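Visitor: Following this message is one structure expressed as structure tokens.
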Amino acid sequence: MHAVIIDDERYSVKAIMENIHWETIGENGVEVKGAYNVEQAKMIIEQGEVDFIICDIEMPRSNGIDLIKWIRQEGYPIEAIIVTCHEEFQYAKEAITLNVYDYCVKPLDYIQMENIVKNLVQKIVAGKREKKQSGLGQYYIENKTELERIFWQRIIEGNYAGNEGGMIEEASRIGLGQVLQEEFNLALICVKQFNVHLASWNQDKLMLSVSNVAKGVFGQRMESGRILMVKSDIIVISQDEGFDWLLEKCGEMSKLCQEMIHVKVCCYVGENVSYEKLHESYQRLKMMAYGDISHLEGVFVEDVCERAIEVLPMDIPAEIQKLLEYAKYDEFVERFRVWVSNIQKEDFDLRALQSLQENLIQVIYSHLMKLGISARMLLQEEELKKKYELINISVENAIQWMDAVFKKINSIMENRRNSGNAAVMEMKKFIELHLTEDVTREEIAKAVHLNVDYAARIFKQEEGISIMDFLGKRRIIKAISLMQTTDMSISDVAYHSGFINSSHFSTLFKKTTGISPREFRSRDGG
1 MHAVIIDDER YSVKAIMENI HWETIGENGV EVKGAYNVEQ AKMIIEQGEV
51 DFIICDIEMP RSNGIDLIKW IRQEGYPIEA IIVTCHEEFQ YAKEAITLNV
101 YDYCVKPLDY IQMENIVKNL VQKIVAGKRE KKQSGLGQYY IENKTELERI
151 FWQRIIEGNY AGNEGGMIEE ASRIGLGQVL QEEFNLALIC VKQFNVHLAS
201 WNQDKLMLSV SNVAKGVFGQ RMESGRILMV KSDIIVISQD EGFDWLLEKC
251 GEMSKLCQEM IHVKVCCYVG ENVSYEKLHE SYQRLKMMAY GDISHLEGVF
301 VEDVCERAIE VLPMDIPAEI QKLLEYAKYD EFVERFRVWV SNIQKEDFDL
351 RALQSLQENL IQVIYSHLMK LGISARMLLQ EEELKKKYEL INISVENAIQ
401 WMDAVFKKIN SIMENRRNSG NAAVMEMKKF IELHLTEDVT REEIAKAVHL
451 NVDYAARIFK QEEGISIMDF LGKRRIIKAI SLMQTTDMSI SDVAYHSGFI
501 NSSHFSTLFK KTTGISPREF RSRDGG
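full-length UniProt numbering puts the first residue of the sequence shown at 1, with every later residue one more than the last.
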């Protein structure tokens, strides 16, 4: 059994070699070689037999995913274990696509890694035994579905454009030559809305869950190689299952996604096309889905007749905007919802939604400015950012984002009302916590969700001095305490009081106390 460990950090390769009991794995142990970049690994693979690799994902130039893609493209029957620094595994979708056996997260648990390697070796040994017994290529048997999935995905993405001969040759090689004589229907499945408890999921994890539901629904009568995940879309290629069957299953898909994983999806179904037109059909369905902002779930059949839709004026009525002046946020949201609902009774497409969003954002930014709240800082909060990323999907998502913004504004204003100097107190608290750090006015204002000018104004009104003068004064008080209670040198006192420059410390100390730090220490008996 032969393995290669690939990592650009030499000590990582050495650590894996030394911490795994290679000689005890399998019947005759595992012979291990090291490589420190993708090119070295390719040379080793090309020179001799390699059964599996352990590969770091993130390396200069070519990364681990690139190497595994090359291995698959060249047809090497090599298994892969990948190593990543990311606990939230951002390469999950691509790794599954490339049939990676498993992955480990740094810092490595070598006991866990050894168990993974043992299980992988058992799988490889069993595979070689079956291949020998059957006389068939085990790699092709295990990867038939994956090879078909790659073939269909290349067609959908238009990778065979201008190379029909290459496409037909590839289809024949993997046993799909006769299939291309049939007609097909595409179903495009798009996530429109998901439950709040899924907000922490990344897109890959969400789409993998939707893909699993699709395989359960459509996989009863079709090969899983025709159920694809292309970027953020799920695509089903129906061949001889029948148009009515496809519509029925799309309805079931929409229902199960809501019930099982609390996700709302829309399914867009295309007309009958030959294999040469699958890419065009996919592009039409994408445009159909992109322009559909009126629906959050359901099944919709492609309308091949295009309509010209006039963009409606999307200015929010003045009487609704007036409610913001009186902080009637709940009423604003409800009246906005009713107003938009009436608009949507007419033709309402993506352009109308974008126009509406632009107007809504402008109104909210203007309101925040009047309140002296930093829009940039407030709207960068994680919860609001996640909701903002979804507002171009539907009107309802835009309303949910707006409602969350108003709740945050209410919270900030309530804090201000409860205590006239609450914001100043919070700024002072922040200053004390970060006294020895190189903090700026912007960072202090950001901590209380205020823009810099407003924060500076209310601070001076409350304290009688500027924010930075207050910070300097607190640092000098800390320095005096250190000189009275420790034997630190003057330069160390300056550093531990938050001063990077000793000269600046001495100047400010004398300005504040009337004497230099050395004179103070002498008078204090130091």
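Heads up, the beta-carbon is just placed ideally off N, CA and C, and yes, glycines get one too.
Note that the structure is predicted; figures quoted are calculated from it, not measured.
1. Mind reading off the beta-carbon distance from residue 185 to residue 251? Whole number of angstroms is fine, and I expect it under 8 angstroms.
2. When the Cα atoms are used, what is the spatial distance from residue 373 to residue 424?
3. Does any C-beta atom of chain B lie closer than 8 angstroms to the C-beta of residue 20?
4. Can you tell which of 318, 500 and 491 has its C-alpha closest to the C-alpha of residue 472?
5. In whole angstroms, give me the CA-to-CA distance for residue 403 and residue 352.
6. What's the call for residue 148, buried or exposed, on a 16-neighbour Cβ count within 10 Å?
7. Using 10 angstroms around the beta-carbon of residue 376, count the other beta-carbons present and answer buried if the total reaches 16, otherwise exposed.
8. Find out if the Cβ-Cβ distance for the pair residue 67, residue 38 is shorter than 8 angstroms.
9. Taking the alpha-carbon positions, what's the residue 7 to residue 231 distance?
10. Give the list of continuous alpha helix (DSSP H) stretches no shorter than 4 residues that lie fully inside the stretch 129-188.
11. DSSP puts residue 33 in a beta bridge; with which residues?
12. What beta strand (DSSP E) runs, 3 residues minimum, are completely inside the stretch 10-83?
13. Taking 7 angstroms as the limit between beta carbons, can you name the residues of its chain near residue 510, skipping five residues before and five after?
14. Look at the alpha carbon of residue 300 and the alpha carbon of residue 75, and state the distance between them as a whole number of angstroms.
15. Counting only the same chain and skipping the five closest in sequence on each side, list residues whose C-beta sits under 6 angstroms from that of residue 27.
16. What separation, rounded to the nearest whole angstrom, lies between the Cα atoms of residue 519 and residue 426?
17. Express the C-alpha separation of residue 331 and residue 180 in angstroms, rounding to a whole number.
18. Using only CA atoms, which one of 414, 380, 421 and 413 lies nearest to residue 401?
19. Given residue 246, which residues of its chain have a CB within under 8 angstroms of its CB, disregarding the five upstream and five downstream residues?
20. Quick one: complete beta strand (DSSP E) runs, 3+ long, within the stretch 486-510?
21. Leaving aside the five residues before and after residue 56 along the sequence, list all residues of the same chain whose C-beta is less than 6 angstroms from its C-beta, in chain order.
22. Do residue 297 and residue 254 have their beta-carbon atoms positioned less than 8 angstroms apart in this structure?
23. Between the C-alpha atoms of residue 451 and residue 442, what's the straight-line distance to the nearest angstrom?
24. Rounded to whole angstroms, what is the Cα-Cα separation between residue 522 and residue 470?
25. Identify, in the order they occur along the chain, each residue of the same chain with its Cβ nearer than 7 angstroms to the Cβ of residue 306, setting aside the five sequence neighbours on each side.
26. Kindly provide the ranges of any alpha helix (DSSP H) runs that are 4 or more residues long and lie completely inside the stretch 427-489, ordered along the chain.
27. Indicate whether the contact test is met: 3 or more Cβ pairs, each with one atom in the stretch 1-21 and one in the stretch 34-54, closer than 8 angstroms.
28. What whole-angstrom Cβ distance do residue 474 and residue 433 have, given they're in contact under 8 angstroms?
29. Using a Cβ-Cβ cut-off of 6 angstroms (strictly less than) and excluding sequence neighbours within five positions of residue 136, which residues of its own chain qualify?
30. Which residues in the same chain have their Cβ closer than 8 angstroms to the Cβ of residue 42, if we skip the five residues on either side of it in sequence?
31. Taking just the CA atoms, how far does residue 457 sit from residue 447?
32. How far does the alpha helix (DSSP H) with residue 257 in it extend, from its first residue to its last?
33. Take the Cβ of residue 240 as the centre, count every other Cβ of all protein chains shown within 10 Å, and call the residue buried at 16 or more, exposed below.
34. Pick helix, strand or coil for residue 281, following the three-state DSSP scheme.
35. Restricting to Cα atoms, I'd like to know which of 78, 105, 73 and 111 is closest to residue 85.
36. If you reduce the DSSP assignment to three classes, tell me which class residue 515 lands in.
Guide: So, to answer that:
1. The pair is not a contact, with the Cβ atoms about 15 angstroms apart (cut-off 8 angstroms).
2. 14 angstroms
3. No chain B appears in this structure, which consists of one protein chain only.
4. 500
5. 20 angstroms
6. buried
7. exposed
8. yes
9. 28 angstroms
10. 138-156 and 164-173
11. 4
12. 31-35 and 52-56
13. 516
14. 40 angstroms
15. none
16. 35 angstroms
17. 58 angstroms
18. 380
19. 185, 187, 236, 238 and 269
20. none
21. 7, 64 and 83
22. yes
23. 8 angstroms
24. 26 angstroms
25. Confidence is the limiting factor: at residue 306 the pLDDT is only 44, short of 50, which leaves the residue's position unreliable and the question unanswerable from this model.
26. 441-447, 452-463 and 467-485
27. yes
28. Going by Cβ atoms, the distance from residue 474 to residue 433 rounds to 11 angstroms, so no, they are not a contact pair.
29. Note that residue 136 scores 41 on pLDDT, short of 50, meaning its location in the model is unreliable and no value can be drawn from it.
30. 67 and 70
31. 16 angstroms
32. 243-261
33. exposed
34. helix
35. 105
36. coil
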